[in-house]
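Structure below.
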């Protein structure tokens, strides 16, 4: 079974620039999550999709972050404009039902 | 709201000695609890999960955890540490609609 694919693996941008991350979940997994993991901390949920609908985006900084999951399959997370404090690893995960969460390897973002 | 508290940010052991990583949970109902491991520059890997079946849960690589409702604890143990166990460990509780809430992590250091 193929895992959760994420790209790019690494990204370095200057503050105030924009950036986008892509995630392709495991085939058939209806639920997709984006987590932000700041260095030295546990992952924090940014947004959760069920198919192509948003279930939870309560911790998404909506003034600069946006995410979409068109057609209920792959997803993109965008930051515009980026701030220094956005430097983190962005993890995508998917699940089928209430168990069986699978995480991607993440995108490491450095904002300078 | 569901949450977990990892009591130690760092734990150091010698190879061949027992490992104990402590986690307390807070939940208004019977929780689903997980332990994940994250090796440097690698994705999150599920070690084990508790979903209200047996209170002693066995996971991969010789790890196990015991759910103790009276103590609201879900500590992770291993009888004998191996150098390859050195990593970051996260205690996780499932909250809301399939959302995972992570603890702050415990870094396990294993010395020869």
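Residue numbers (our numbering), protein chains in the order written: chain A, 1 to 112; chain B, 113 to 224.
Every residue gets a Cβ at the ideal spot worked out from N, C-alpha and C, and that includes glycine.
According to the DSSP assignment, residue 47(A) belongs to the beta strand (DSSP E) that extends over 44-50. Of all alpha-carbon atoms in 139(B), 149(B), 209(B) and 163(B), the one lying nearest the alpha-carbon of residue 175(B) is that of 149(B).
Annotation for residue 108(A): 10 and 89 place their beta carbon closer than 6 Å to its own, counting only its chain and skipping 5 residues before and after. Residue 130(B) and residue 16(A) have their C-alpha atoms spaced approximately 48 Å apart. Where residue 38(A) is concerned, there is no enclosing beta strand (DSSP E), because DSSP gives it neither an H nor an E. The beta carbon of residue 117(B) does not come within 9 Å of any beta carbon belonging to chain A, so the residue lies off that interface.
Secondary structure at residue 91(A): strand, using DSSP grouped into helix, strand and coil. Taking 9 Å as the cut-off, the Cβ atoms of residue 156(B) and residue 49(A) do not count as close. Taking 9 Å as the cut-off, the Cβ atoms of residue 60(A) and residue 46(A) count as close. Nearest CB-CB separation between residue 170(B) and chain A: not below the 9 Å threshold.
Around the beta carbon of residue 106(A), a 10 Å sphere encloses 16 or more other beta carbons of the protein chains shown; the residue is thus reported as buried.
Residue 97(A) has a beta carbon lying within less than 9 Å of a beta carbon in chain B. For the region 35-51 of chain A, residues whose beta-carbon sits nearer than 9 Å to a beta-carbon of chain B comprise 35, 37, 40, 41, 42, 43, 44, 45, 48 and 50.
Of all residues in the region 130-150 of chain B, none has a C-beta nearer than 7 Å to a C-beta of chain A. The three-state reading of DSSP puts residue 181(B) in coil, since its state is none of H, G, I, E or B. Taking 9 Å as the cut-off, the Cβ atoms of residue 184(B) and residue 137(B) count as close.
The DSSP-derived three-state label of residue 119(B) is coil. Of the other Cβ atoms in all chains shown, fewer than 16 fall within 10 Å of the Cβ of residue 12(A); this residue is therefore exposed. Bounds of the beta strand (DSSP E) holding residue 159(B) are 156-162. Closer than 9 Å to the CB of residue 65(A) there is not a single CB belonging to chain B.
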